[in-house]
Amino acid sequence: MCELYSKEDTLALRGKHIGPSCKVFFAEDPVKIVRARRQYMFDERGQRYLDCINNVAHVGHCHPEVVQAARAQMELLNTNSRFLHDNIVALARRLAATLPPPLHVCYFTNSGYFFYGNGAYFLNTNTFTFPQDILKANIKPGYHFSLCKISPYKFQKDKDAKKEFVHVAPAPDTYRGRYREGHPDPAGAYADEVKKIIDEAHAGGRKIAAFIAESMQSCGGQIIPPKGYFQKVAEHVRRAGGVFIADEVQVGFSRVGKSFWSFQMHGEDFVPDIVTMGKPMGNGHPVACVVTTQEIAEAFYRSGMEYFNTYGGNPVSCAVGLAVLDVIEKEDLQGNALRVGNHLTELLNKQKAKHALIGDVRGAGLFIGIDLVKDREKRTPATAEAQHIIYKMKEKRVLLSADGPHRNVLKIKPPMCFTAEDAEFMVEQLDAVLTVLEESTGSQTKPVISENIPHRTQKSKEPPQENTPDATTDNARGKRNSACSGKRLPPGKRLKT
Ligand SMILES: Cc1ncc(COP(=O)(O)O)c(C=O)c1O
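Numbered per the UniProt record's numbering, the sequence shown finishes at 497, counting up by one with no gaps.
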């Protein structure tokens, strides 16, 4: 087994040596994962978990073609992008081919956050002068100091921390937001909110540099902006002299099934000025990219600032990026996301008809949110219930997370090789957890409608254990690694809990 320490010691060492602000999933009872393959993760005891949350392992954990591409290039050369190399241009060409024509100039980075830090310079050297403001749909991305400055997900925890150059537009949430599904024009109404903010900024003598939004909000609670919203916002922002930045870090690379990029779901008449991408791009290897137009790239160049990033665009990262694109194509993962995603959404909607706790099921492809509510009429977020459910699902060896401003939205964004059987297994476990929860809390479970979840035979649903073909392969590989020899290092101090 591929462990250096016992689970207890890992926890204790983490408590001692890793900063407390670095959180773990399932903090009450963390999972130790020692290896993974495709859409499955294995803990230190060899128990298999169905991974419904790792959108980074996009084409499947440890995909052999991606691993091989990294290994082959690592054996040959790895260096920075100041040397001419084919991989960086090959990857740039491939990415440009997936995007609408004006978007073809790439800046490679090793983390999605790059744009939000150094990218501020990038923006400020557009056609504008300092100082300029950034306008954001009320969403996350977060985690980095530079990013925290503009991320409501982060700074709302400290109400005073929002910088004066950041403006936050209401999330275009038609389920729980200001303008809901019954509104005659939610897209227009939410876009008008953006216009209002721009006008107020102008009245205060400020200028708008950019509007940043995820094409579909992930940590914001799996929110899909209403059709036409981005077009209208882009119009307001461009009229104000700003640019539109689509954050595809979580939702890009075919996840939504209908299109390669999530922003493309909003129609061909919407093209952002800048697209940021990361996470799935390297299937776990740190590679990310900012793609923009020639015009914006030239404005950046005219500023006189060089863009250099030690790791961005290195030959190994680009080989990995190319391999990921190859696998998406060869294995038709976009088609799979559409087919399996539709099937899963259908199953979940049947669950919604059965369980009063499910207020809304929304998403596209393999990016789905289940909004849990205590009261369907009032749409009161069922935050505690969501936490309870993810722990119970973990016991059933299904990894889910809960997010959104109220942490009540179960997020489903699995590796793209997720199958129809995985979807059915996951939904059956959820059904069981919801049934027990609703019975124990006395909350009303709605009568099962006729086309409820298809009856399934009672065969054992226990996920297979170690002796799967994948496990054998991995164990064999693990043995080559001295760190996986089964010897344990001396224990550290116990974590104070
Ligand atoms: C939507 C979004 N954008 C940007 C980022 C930043 O990416 P990274 O963590 O690779 O720096 C994240 C990270 O979670 C994200 O979710």
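Glycine is no exception: its CB is placed at the ideal position from the N, C-alpha and C atoms.
Start-to-end residues for the beta strand (DSSP E) that takes in L410: V409 to I412
Classification of A384 by the beta-carbon crowding that lies within 10 angstroms, buried from 16 upward: exposed
Cβ neighbours of H236 in the same chain (closer than 7 Å, five flanking residues each side left out): A191, V194, K195 and I198
Cβ-based burial, P272 [other Cβ within 10 Å; buried from 16]: buried
Given 8 Å, three or more beta-carbon pairs between the stretch 303-320 and the stretch 80-96: yes
For A240 and L399, the rounded distance between their alpha carbons: 44 Å
Given H63 as reference, the closest of H85, D43, R45 and Q39 once Cα atoms are compared: Q39
Nearest-angstrom Cα separation, counted from I412 out to V436: 21 Å
Cβ-heavy atom distance, Q222 to ligand 1, below 7 Å: no
N- and C-terminal bounds of the alpha helix (DSSP H) containing I33: Segment I33 to R37 is the beta strand (DSSP E) holding I33; no alpha helix (DSSP H) there.
Separation of E298 from K32, as counted between CA atoms: 47 Å
Rounded straight-line distance, which links the Cα of E8 to that of Q231: 52 Å
8 Å CB neighbourhood of A72 in its chain, flanking five on each side removed: A319
Reduced DSSP secondary structure (H/G/I, E/B, other) of D86: helix
Local conformation of T345 per DSSP, three classes: helix
Range covered by the alpha helix (DSSP H) that runs through S317: P315 to K330
For K374, the first and last residue of its enclosing beta strand (DSSP E): F367 to D375
Between the CA atoms of R93 and H355 - distance to the nearest angstrom: 48 Å
Buried/exposed call for Y301, threshold 16 Cβ in 10 Å: exposed
Three-way DSSP call (helix, strand, coil) for C2 in this model: coil
D332, buried or exposed, once every other Cβ within 10 Å from all chains shown has been counted against 16: exposed
Given 8 Å, three or more beta-carbon pairs between the stretch 90-109 and the stretch 278-291: yes
Heavy atom of ligand 1 within 7 Å of Q250 beta-carbon: yes
Distance CB(V249)-CB(M277) smaller than 8 Å: yes
Proximal residues to Q334 (C-beta, below 7 Å), its chain only, five neighbours per side dropped: S254, G257, F260 and I328
Whole-angstrom distance between S262 and G205, CA atom to CA atom: 34 Å
Heavy atom of ligand 1 within 7 Å of D247 beta-carbon: yes
Opposing strand residues paired with F244 [DSSP bridges]: F211
The stretch 370-383 in contact with the stretch 14-21 per 3-pair CB rule at 8 Å: no
For A432, the three-state DSSP class (helix, strand or coil): helix
Distance cut-off 7 Å: A288 Cβ against heavy atoms of ligand 3: Although ligand 3 was asked about, the structure shown includes only ligand 1 as ligands.
P172 and P100 closer than 8 Å at C-beta: no
Contact set for K459: own chain, Cβ-Cβ below 7 Å, skip 5 residues either direction: Note on K459: pLDDT 39, under 50, position unreliable in the model; the coordinate value appears next. There are no such residues.
Exposed unless 16 or more other CB atoms sit within 10 angstroms - verdict on Q264: buried
Residue 500 burial status per 10 Å Cβ neighbour count (16 or more: buried): Residue 500 is absent from the model: the chain starts at 1 and stops at 497.
Reduced DSSP secondary structure (H/G/I, E/B, other) of V237: helix
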